[in-house]
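First up is the structure itself, then whatever we jot down about it.
In my numbering, the protein residues as written are 22 to 160.
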């Protein structure tokens, strides 16, 4: 199963990528939203799981906006996981992780995780979402 990760924290990208590759996933990582969209368009017809940080670099799109756009495009072969630790957001306002993850759920995220989270919990969710994708494809 392909997993595409979008996070502006390169350390998080490395940790998640190494862990997921070790657990048999095909992984692509992106720190820039533009590159992420380009990659997503290339694999449009493939089932995939996307992991996105709710708050990205303020000069780019917010992770919650990425969730909204993916769901708005009705990409049936995509499952979305949103992660967040909360941070100083736009206009220097603190946005709590609870708030950001709530927005992500309302926008259609399939699962959310507060940073820090346990990798084994993420793995369980990935396996569950993978089964859902396979089930959707066999219908």
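Quick reminder that beta carbons are idealized off the backbone N, C-alpha and C, glycines included.
Whole-angstrom distance between residue j and residue i, CA atom to CA atom
i           : j           : result
residue 40  : residue 153 : 21 Å
residue 158 : residue 63  : Confidence at residue 158 is low in this model, with a pLDDT of 48, below 50, so the placement of that residue is unreliable and no value is reported for it.
residue 160 : residue 98  : Residue placement at residue 160 cannot be trusted, given a pLDDT of 39 that sits under 50; the coordinates are not used to answer.
residue 127 : residue 117 : 16 Å
residue 134 : residue 155 : 23 Å
residue 138 : residue 32  : 15 Å
6 Å CB neighbourhood of residue i in its chain, flanking five on each side removed
i           : result
residue 82  : 54
residue 132 : 102, 146
Residues near residue i in its chain [Cβ-Cβ closer than 8 Å; skip 5 each side]
i          : result
residue 93 : none
Residue j beta carbon less than 8 Å from that of residue i
i           : j           : result
residue 121 : residue 85  : yes
residue 69  : residue 24  : yes
residue 74  : residue 105 : yes
residue 71  : residue 91  : yes
residue 59  : residue 22  : no
residue 65  : residue 144 : no
Residues of its chain near residue i, where Cβ-Cβ distance is below 7 Å and the 5 sequence neighbours each way are ignored
i          : result
residue 34 : 26, 28, 50, 52
Continuous alpha helix (DSSP H) stretch holding residue i: start and end
i           : result
residue 124 : 118-128
residue 54  : 54-63
residue 40  : 31-43
N-terminal and C-terminal residue of the beta strand (DSSP E) that residue i is part of
i           : result
residue 100 : 99-105
residue 134 : 132-135
residue 51  : 47-51
Alpha helix (DSSP H) runs contained entirely in the segment 66-97, provided each spans 4 or more residues = 84-93
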